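Asks: Residues in the first sequence are numbered consecutively from 608, following our numbering. Cβ atoms here follow ideal geometry from the backbone N, Cα and C, with glycine treated the same way. Nothing here was measured: the structure is a model prediction, and the numbers come from that model. Here it is, the structure in full.
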Amino acid sequence: MFWIAKANEYVGMEVEVRGWLYNKRSKGKIIFLIIRDGSGFMQGVAVKGKASDNVFVLYDKLGLESSLKVKGIIQKDSRAPGGYELAISDVTTIHLTSDYPIQKKEHGVAFLMEHRHLWLRSKKQRAILRIRDEIERAIIDYFHDNGFIRIDTPILTPTAAEGTTTLFCTDYFDLGKAYLAQTGQLYLEAAIFSHGLVYNFGPTFRAEKSKTRRHLTEFWMIEAEEAFYDLDDNLELEEDIVCYIVKRVLENCERELQELERDTTHLMKVKPPFERITYDYAVELLANKGFAIKWGDDIGGDEETAISNQFDKPVFITDYPKAIRPFYMKEHPDRPELVRCADLLASEGYGEIIGGSQREDDYDKLIAQIKRCKLPIEPYKWYLDLRKYGSIPHSGWGMGLERVVTWICGIHHIREAIPLPRMMYRLYP
RNA sequence: UCCGGCGUAGCUCAACAGGUGGAGCGAGUGGCUGUUAACCACUAGGUUGGGGGUUCAACUCCCUCCGCCGGAGCCA
608 MFWIAKANEY VGMEVEVRGW LYNKRSKGKI IFLIIRDGSG FMQGVAVKGK ASDNVFVLYD
668 KLGLESSLKV KGIIQKDSRA PGGYELAISD VTTIHLTSDY PIQKKEHGVA FLMEHRHLWL
728 RSKKQRAILR IRDEIERAII DYFHDNGFIR IDTPILTPTA AEGTTTLFCT DYFDLGKAYL
788 AQTGQLYLEA AIFSHGLVYN FGPTFRAEKS KTRRHLTEFW MIEAEEAFYD LDDNLELEED
848 IVCYIVKRVL ENCERELQEL ERDTTHLMKV KPPFERITYD YAVELLANKG FAIKWGDDIG
908 GDEETAISNQ FDKPVFITDY PKAIRPFYMK EHPDRPELVR CADLLASEGY GEIIGGSQRE
968 DDYDKLIAQI KRCKLPIEPY KWYLDLRKYG SIPHSGWGMG LERVVTWICG IHHIREAIPL
1028 PRMMYRLYP
């Protein structure tokens, strides 16, 4: 079967291109049809007298996105986008279309989101989702090349794993309520006692009423959990995988990055080591820049942007106050008011892409933490067992796939980083 | 959820100290042998988001509902 992506192997040969009409132009006795077949785009040229007259009769009826079979000979031609074009001999229709809603011009966000199922066909969206695919493959390759085992954690869960964010709720037979998972972390922690190094990769749900360019209610998260890793080991791993992902995209998605007009200067600098600054220092830095932040406050979106703009690579912020972090993070050995955690901020002001920490491995301290966060002990009994039977130091982190895609693609809003986004005000299409 | 903004032709927008609406693109018709969101000419297309109010008169002002956009908090 012929695919446009392999056109270079068919120069001089007659082929049948099957695809959709992306655009068309006519000069009267010469017409141009731009066909896309999923693998790529190709310009077909029909000249009066050479191509079948049928093509010229059909031309007027061909609405954009009509599906077609186009016969012709592949030719090298510098005037054609892509370098190859099709000298058309004949065209047959599979399905005629009229009034395709999306035009080759600017549209508003609301209109495009309403037509997301069709918008996916456009060049830019296609490039983004191809880069997303490369990122997903890079992640899976990285873990398997480095001794990690994939552990698929449940999506229906009995309680809030972190107890902090709002969850989507559903009825669960006679057992009461079930919640859509906001993280698989606690389950991954159980798995390290069996496999040492583990990861998961799946959809995550947060019923937060967030309305920003960085939030989705359904997003894909990669989480890793590592036995015997302290925070420094954890950061080295995060740094390494982020660099690997960026390298893979730069190597394999040159065309897509070009389509997005992505300036890759910053991406090419994404190599270890990343700068590590403490929360203490970050607060000081922000205060000096005029932000109204004091020690103990969380670092907001604008503040993250300000910090990441200080560095030309992603940057870690470590050791946050215990009071503003979840219960499972390990207390700092020298300063009990802090926990051994770190967020990774992407460069170019894209904000947090990874959150991680060393985990509290002391049974009594963990219980104290659960109580401090005013969470019930009962649902965490199984989790506490992990500190009773061969407890070890360990660490882990979670990376938001769409945030990484948004950053690497250099796009403005996270909604374009996932095929069909789910947001506070959007459940359709 | 809170704060701010916007709903006018299929799409993107214009018109407004209140005097019954225009353009580009798209669509239709005709023309053109190398176009790159082609171009040129002509044609059609609107109870100005819904409801209520003020007024001689409302796209324009007020109230309300709906939809969407941007931002905040929360987080990946």
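On a CA-only basis, which of I848, G783, P810 is nearest N753? Give me that one, please.
Replies: Closest option to N753, Cα to Cα, is I848.
Asks: Let me know the beta strand (DSSP E) ranges lying completely inside the segment 922 to 1002, each 3 residues or longer, listed in chain order.
Replies: Complete beta strand (DSSP E) runs here, min 3: 922 to 925, 948 to 953, 958 to 965.
Asks: Rounding to the nearest angstrom, what Cα-Cα distance links V1011 and Q789 in this structure?
Replies: Each residue's alpha carbon lies about 18 Å from the other.
Asks: Within a Cβ cutoff of 6 Å, which residues of the same chain sit near Y749, ignoring the five residues on either side of it in sequence?
Replies: Hits under 6 Å: I848, Y851.
Asks: Per DSSP, which residues does Q682 bridge with? Please list them.
Replies: According to DSSP, which records beta bridges pairwise, Q682 is partnered with E692.
Asks: Specify the secondary structure class of D752 as computed by DSSP and reduced to three states.
Replies: Three-state result, D752: helix.
Asks: If you draw a straight line from the alpha carbon of S673 to that of E863, how long is it in whole angstroms?
Replies: Taking the straight line joining both Cα atoms gives about 25 Å.
Asks: Check each candidate in N615, L669, V622, M720 and name the one with the smallest Cα separation from G690.
Replies: Measuring from the Cα of G690, the nearest candidate turns out to be N615.
Asks: Can you tell me where the beta strand (DSSP E) with T885 in it begins and where it stops?
Replies: Start and end: 882 to 885.
Asks: Leaving aside the five residues before and after E944 along the sequence, list all residues of the same chain whose C-beta is less than 7 Å from its C-beta, in chain order.
Replies: Within the same chain, E944 has close Cβ partners P928, K929.
Asks: Could you give the distance in angstroms between the alpha-carbon of K636 and the alpha-carbon of K657?
Replies: Computed Cα separation, rounded: 10 Å.
Asks: Counting pairs of Cβ atoms below 8 Å between the segment 950 to 958 and the segment 932 to 942, do you hit three or more?
Replies: Result no; under three Cβ-Cβ pairs closer than 8 Å.
Asks: Pull up the CB-CB distance for S915 and L952, whole angstroms please, since I reckon it's below 8 Å.
Replies: 4 Å between Cβ atoms; contact.
Asks: Just checking my contact of L993 with E796 at CB under 8 Å: how many whole Å lie between their CB atoms?
Replies: Yes, L993 and E796 are in contact; Cβ-Cβ is about 6 Å, under 8 Å.
Asks: For W989, count neighbouring C-beta atoms within 10 Å of its own C-beta (all shown protein chains included) and say buried if the count is 16 or more, exposed if not.
Replies: Per the 10 Å Cβ criterion, exposed.
Asks: Would the beta-carbon of S696 fall within 7 Å of that of K711?
Replies: Not closer than 7 Å, so no.
Asks: With which residues is C776 paired in a DSSP beta bridge?
Replies: Partner(s): Y786.
Asks: Which partner residues does M649 have in the DSSP bridge list?
Replies: DSSP output for M649 lists I642 as bridge partner(s).
Asks: Restricting to runs no shorter than 4 residues, where is the alpha helix (DSSP H) found entirely within the segment 893 to 924?
Replies: You should have 908 to 915.
Asks: Over the uninterrupted alpha helix (DSSP H) stretch that includes T811, give me the two end residues.
Replies: It is not in any alpha helix (DSSP H) - T811 instead sits in the beta strand (DSSP E) that spans 804 to 812.
Asks: What is the C-beta distance between L675 and I642, in whole angstroms, given that I count them as a contact (C-beta under 8 Å)?
Replies: Indeed they touch by this definition, with Cβ atoms about 7 Å apart.
Asks: What are the partner residues of K655, as DSSP defines its beta bridges?
Replies: DSSP, once it has assigned bridges, lists A658 as partnering K655.
Asks: Using only CA atoms, which one of E825, L1008, E861 lies nearest to Y1032?
Replies: Y1032 has its Cα closest to that of E825, out of E825, L1008, E861.
Asks: On a CA-only basis, which of T1013, R979, L782 is nearest R869? Give me that one, please.
Replies: Closest by alpha carbon: T1013.
Asks: Helix or strand or just coil, what does DSSP make of E868?
Replies: If DSSP states are grouped into helix, strand and coil, E868 belongs with coil.
Asks: Can we count E721 as close to the ligand SAM, meaning its CB is less than 6 Å from some heavy atom?
Replies: The ligand SAM is absent from the structure shown, which contains no ligand whatsoever.
Asks: Within a Cβ cutoff of 6 Å, which residues of the same chain sit near I1018, ignoring the five residues on either side of it in sequence?
Replies: Excluding positions up to five away in sequence, the list is empty.
Asks: At the level of alpha carbons, what is the spacing between V622 and Q682?
Replies: Their Cα atoms are separated by approximately 11 Å.
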